[in-house]
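Remarks on the structure that follows.
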Amino acid sequence: MQLKLYYSLLVAALLLQFQSIAQPNSVKLKSGTTVISTHHGMQSAYAAIPATLTQPYVIELDSSYTSANDTFPLTFVNKAGASAVNTVTITVSDAVLASDGLPVLCNTGSKRMFVFNNADWVVINGRNDEVENQGLQLIGFGDLRELILISNGSRNNTIRNCVLLNNMYTGTGASCVRIGGGGNSRNRILNNTFISSHNTILSDGGGANPNDNITVSGNVFAGASGYSFKAATGTGRTIIDSNRIQVSSQVATNCIWYENHRDTAIITRNTINIGNTFDPNTEIKGIYFANTAGNAAYARIANNIVANTAHIFMSSSGGSLFVDSSAYVSGIEIAGTNPIKADIYFNTIRLFGSTTNSLSNAFTVPLYRKESNIASIYNIKNNIFINKRAGGGAGSKHLNLFMNGAGTVNIDYNTYESAGTDMIAWDASSYSSLVAYKAASHEPNSDSAEVKFMSRESLHLAPSMAMNPALHGVAVAGIGRDIDLQARTWPYRGADEYAVACSGTLKGGTINFSPDSVCPNATAVLQIIGQSASNGVVYQWQSRPAGSAADFTDIAGATDDYVQTVLTTPMEFRFKDSCLAGGAAFYSDTISMGIWQDVSVDSITETHNNLSYAFTAHGIKNAHSVLWLLGDNAIADTLNPTYAYTSPGVYTVKLIVMNDCSSDTVTLTINAQDKSHVNDWNRDNGFDMYPNPASGTVVLQLKEAYAGETRITITSVTGQVVYDASESNSNGLYKVDLSTKPKGVYLVKVQVGTQQTIQKLLLQ
């Protein structure tokens with residue numbers, strides 16, 4: 004989920020608060036394409052629909068609609084005759100669909116936007132199924148608890164192709180959609196984009212009257228700090244399929260959570276990227292399934308990808324990869340006290356990063372069977388379990404598998420990759436290697452191997468994994484396709500069935516990078532976004548010298564969706580996307596990365612009037628910033644500062660020029676004097692002149708300082724003027740070059756203000 008979507012919707016929400024002018028005829032009540040009536044708001048349009056339905060009705064919002072015309076919540080009730088044909092649909096007009104979508108704002112204090120109260124066959128449809136570009140944008144703010152409440156036995160309702168934003172209220176009950184109260188069935192949530200501050204979809208039915216037959220498919224989830232989908236007490240028969248969950252949270256994160264499920268849960272083809280919690284004491288769980296109330300519970304968990312995602316943070320001095328430091332991370336976790344049947348097939352789970360070393364008993368594992376009921380049945384095959392995490396204090400473990408062996412456990416044909424000394428825990432036994440684990444009569448056909456992927460998030464197999472025997476699985480009845488709906492043929496382990504032929508349309512993507520220059524020998528980090536990520540696609544980063552017309556060349560080993568490369572000279576980069584089977588290649592934009600040169604400064608000079616100084620820097624090159632240390636604990640950060648000293652004295656002024664890579668320093672010593680009190684010069688004090696006799700340069704030193712102009716006139720005894728100049732020097736020191744004048748006696752006159760004095764000078 005791109006942040007620009009969130010912020011654009013948030014701005015829309017704030018603006019809509021102040022829209023109160025009625026927009027006549029902005030809502031149409033239609034039957035098919037025929038307009039029945041026009042209205043100011045949805046409330047009045049829905050009220051115009053008869054209590055008994057004999058035809059479908061459409062409430063269509065035009066681009067001039069504002070939510071100021073409605074009082075929320077809008078409540079849908081049971082209408083006789085409602086059916087798969089006789090539906091009530093809220094949607095948007097073609098004009099809205101052609102624009103950036105229509106925000107609908109739920110005002111503060113409403114608690115809810117839409118309430119389904121024993122409603123049947125109601126559809127909210129934003130029309131456009133393109134992710135992040137849906138036509139209807141439902142926005143909640145203030146103390147709104149749920150955008151949509153489905154309750155009191157509502158059935159066969161659909162929410163599809165919308166953006167739902169409920170990111171203001173942070174209480175534990177906050178959600179975008181809540182299915183509550185029990186008896187709600189066959190409701191569907193399809194192809195929406197969710198942005199939520201706590202829960203996104205919450206189902207909490209009754210024990211005797213559960214919510215069931217819930218379908219959540221094709222949605223994008225972003226931002227939930229609690230649960231993306233939570234099935235609490237009284238939820239049964241659910242399908243969670245083909246969703247993309249991308250959550251970055253500062254608190255505990257649980258993506259798909261079954262607290263006390265009954266009947267069947269189908270959890271398939273979901274891509275879950277979680278992580279970046281900044282509190283190391285938090286827990287992260289990708290898929291959590293528990294049976295605590297004694298109901299029959301079955302879970303099919305297949306073709307899912309779970310990864311705790313890394314994000315790239317770049318600086319000019321280099322790039323680094325950051326992942327969460329949470330103490331507890333599980334990919335799939337099965338818990339509870341009552342028996343469970345679980346089929347866990349063809350999942351790819353990859354955990355990596357580092358746990359804070361100060362935390363003892365840190366625990367991370369891709370698959371964790373926590374419950375130990377002897378009546379439980381597990382079938383676990385064709386999975387990839389990777390745990391590359393490290394860190395943690397005393398008692399910390401980073402495992403690939405933690406299994407209670409009670410009941411029936413059929414487990415084999417899995418691939419493990421580990422970075423630590425602990426690999427698998429089975430009951431009270433621990434195994435540091437797959438060899439030791441298999442020697443104890445476990446998983447004879449499983450393998451340990453390094454698995455490479457096209458991307459750190461999508462976890463599609465890289466071309467180098469093609470036909471790798473360590474990834475050769477076994478056919479499983481009922482699972483004939485992978486996460487992308489490609490046929491399982493070999494089959495490969497994990498969510499992705501690798502195919503040599505490219506699928507879909509190739510696209511080169513856009514390079515994400517910052518800044519555009521780095522220090523010499525620093526690491527530049529580039530990431531590609533929007534590129535092809537399907538089977539049969541080969542990635543390759545290329546480079547050439549900046550400004551060159553030479554061909555791009557491949558960067559060795561740079562075949563991931565990001566590259567880290569050391570820069571010694573300015574370079575240009577691009578990303579190449581091509582098919583393993585051959586054919587045309589597609590390229591990203593070309594970007595340039597420069598090298599910050601060493602900073603330098605030549606000198607500083609000053610001019611002053613008494614204690615007020617103006618400093619000037621000369622010859623600065625490649626600097627980003629400057630810092631002046633003015634000698635009396637004062638500082639300045641402007642290029643050429645002015646400064647008034649508070650007292651006379653000798654000060655050392657230091658200028659430091661800097662960029663992100665280097666710095667340079669120059670100094671200047673000044674003797675600051677306050678001479679503003681000198682109004683006239685005392686001629687009786689006169690001046691000193693030396694040497695006398697002289698043969699070249701003569702130095703004149705006033706015995707008393709004077710702030711004004713000093714005139715020096717030198718004449719021969721015959722009256723010829725050989726030197727006449729006016730100068731101003733705060734230290735009263737003047738030098739006159741007479742080396743070209745004839746030998747003889749001269750008269751030196753010094754005039755200061757209205758006073759003057761004369762001395763004889765002998766040149767020899």
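If you use this note's numbering, the sequence shown corresponds to residues 4 to 767, in order. Ideal Cβ placement from N, Cα and C applies to all residues, glycine included.
Judged by their CB atoms, N385 and G483 are not nearer to each other than the 8 Å cut-off. Counting the other Cβ atoms within 10 Å of the Cβ of S154 gives 16 or more, which makes it buried. For the beta strand (DSSP E) assignment, the uninterrupted runs of no fewer than 3 residues enclosed by the region 416-487 are, from N- to C-terminal side, 418-421, 427-429 and 432-434.
Under the DSSP definition of a beta bridge, W544 partners with F578.
Relative to A293, the option among I337, L642 and R272 whose CA is nearest is I337.
It is roughly 24 Å from the alpha-carbon of L614 to the alpha-carbon of T668. N214 and Y301 have their C-alpha atoms roughly 16 Å apart. In this structure G699 is exposed. Its beta-carbon is surrounded by fewer than 16 other beta-carbon atoms within 10 angstroms.
If you draw a straight line from the Cα of G35 to the Cα of N89, it is about 11 Å long. By the Cβ criterion, the region 528-535 is not in contact with the region 339-352, since fewer than three pairs of Cβ atoms, one from each stretch, lie closer than 8 Å. The three-state reading of DSSP puts L100 in helix, counting H, G and I together.
Apart from the 5 residues on each side of it in sequence, S451 sits with its Cβ closer than 6 Å to the Cβ of Y419 and L437 in its chain, given in chain order.
In this structure, the CA atom of V656 is about 13 Å from the CA atom of T610. Here V95 really is in contact with G138; their C-beta atoms are around 4 Å apart, less than 8 Å.
Membership of A559 in any alpha helix (DSSP H) is not indicated, and neither H nor E is assigned to it by DSSP. Contact between F690 and T760 holds: CB atoms are separated by about 7 Å, below the 8 Å threshold. A contact between stretches requires three or more CB pairs, one per stretch, nearer than 8 Å, and the region 201-215 meets this requirement with the region 226-235. Non-local C-beta neighbours of S606 in its own chain, meaning closer than 7 Å and more than five positions away in sequence, comprise H621, G622 and V669, ordered along the chain. Put simply, of G395, S433, I380 and N390 the residue whose alpha carbon is nearest the alpha carbon of G410 is I380.
The alpha-carbon of N350 is positioned some 56 Å away from that of L630. DSSP assignment within the region 151-207 yields the following whole beta strand (DSSP E) runs of 3 residues or more, N-terminal first: 161-163, 165-169, 178-183, 191-193, 196-199 and 202-207.
Distance from the Cα of S731 is smallest, within the candidate group N612, S650 and L765, for N612. T513 and E262 have their C-alpha atoms spaced approximately 41 Å apart. As far as DSSP is concerned, W124 takes part in no beta bridge. Sorting L632, I275 and A299 by C-alpha distance to the C-alpha of N306 places I275 at the top. Look at the region 339-364 and you find these whole runs of beta strand (DSSP E), each 3 residues long or longer: 344-348 and 351-354. For A504, there is no enclosing alpha helix (DSSP H), since its DSSP letter is neither H nor E. Here L765 is exposed, its C-beta having fewer than 16 other C-beta atoms within 10 Å.
Here Y693 has V702 as same chain residues with Cβ atoms under 7 Å from its own Cβ, once five neighbours each way along the sequence are excluded. In this structure, A549 keeps its C-beta atom at 8 Å or more from the C-beta atom of S581. Excluding the 5 residues flanking it on each side, D266 has same chain C-beta neighbours closer than 6 Å at G239 and R240, in chain order.
Short of 7 Å from the beta carbon of N524, and not among the five residues preceding or following it, lie these beta carbons of its own chain, in chain order: V569 and T571. Within 10 angstroms of the beta-carbon of V660 lie 16 or more other beta-carbons, which makes it buried. Within the same chain, and ignoring the five residues on either side of V118 in sequence, the residues whose Cβ sits closer than 6 Å to its Cβ are P76, T78 and L152. Per DSSP, reduced to three states, the secondary structure at Q759 is strand. Taking every protein chain shown into account, the CB of G334 has 16 or more other CB atoms within 10 angstroms, so this residue is buried.
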